[in-house]
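> Residue numbers (the numbering used here): 1 to 186.
Every residue gets a Cβ at the ideal spot worked out from N, C-alpha and C, and that includes glycine.
1. Rounded to a whole number of angstroms, what is the C-alpha to C-alpha distance between residue 154 and residue 140?
2. Kindly list the residues whose CB is nearer than 7 Å to the CB of residue 163, restricted to its own chain and excluding five residues on each side of it in sequence; keep chain order.
3. Compare the Cα-Cα distances from residue 100 to each of 125, 165, 80 and 142 and report the closest residue.
4. Count the C-beta pairs between the stretch 28-43 and the stretch 125-135 that are closer than 8 Å, then say yes if the count reaches three, no if not.
5. In the DSSP assignment, find the beta strand (DSSP E) that holds residue 48 and state where it starts and stops.
6. Expressed to the nearest angstrom, what Euclidean distance is found between the alpha-carbon atoms of residue 108 and residue 14?
7. Apart from the five residues just before and just after residue 142, which ones in its own chain have a Cβ nearer than 6 Å to its Cβ?
Written out as structure tokens, the structure is:
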């Protein structure tokens with residue numbers, strides 16, 4: 001910031017995040033963001049240093065695992081109380097589960113028994129059993145079904161999974177996203 005009120009600051013720091021529904025969308029939005037920062041520097045005749053840190057990748061919920069989880073959740077709370085979003089639904093949030101989902105089949109179910117702003121001071125869980133206990137039971141039932149059913153759903157899920165990255169290629173991709181660039185307008 002500036003040294004005094006209404007002065008032009010000698011240095012400004014900004015930190016932001018780029019999110020998207022696909023890795024391609026993230027790369028595209030990040031490129032556009034960098035161009036905007038460079039354009040701003042060019043417009044006022046200053047330099048800009050852009051450090052890009054790798055962030056979370058979009059989540060891909062496995063449809064077969066989701067179906068098994070939904071069946072277990074419906075058994076616990078009733079089918080009318082289970083809402084199924086499309087598998088590729090982008091909630092706008094981010095989590096490292098998105099990264100895992102690019103390497104292996106995962107699900108990331110949510111429960112809707114709270115009010116307030118997510119991660120906010122006003123966030124309040126109204127029913128602990130519905131928010132924590134029943135989802136844990138549904139996940140445990142899903143694990144039992146995956147591993148113990150005669151039709152071997154875990155084997156089918158693994159064989160059908162379209163892996164975007166091996167562990168090695170994931171690490172390489174994330175390392176390649178870590179960049180530092182200084183732009184000095186002429």
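Quick look at the numbers:
1. Position 154 of the chain shown, counted from the start, is the residue given in the question as residue 154. Position 140 of the chain shown, counted from the start, is the residue given in the question as residue 140. Going from the Cα of residue 154 to the Cα of residue 140 covers about 14 Å.
2. Position 163 of the chain shown, counted from the first residue, corresponds to residue 163. So the list reads 103, once near-sequence residues are dropped.
3. Sequence index remark: in the chain shown, residue 100 carries index 100 (1-based). The residue with the shortest Cα to Cα distance from residue 100 is 165.
4. no
5. Residue numbering aside, residue 48 sits at position 48 when the chain shown is read from its first letter. Note, residue 48: beta strand (DSSP E), 48-52.
6. Stepping through the chain shown from its first residue, residue 108 is reached at position 108. Stepping through the chain shown from its first residue, residue 14 is reached at position 14. Rounded to the nearest angstrom, the two C-alpha atoms are 31 Å apart.
7. Taking the first residue of the chain shown as position 1, residue 142 is located at position 142. Around residue 142: 68, 69 and 72.
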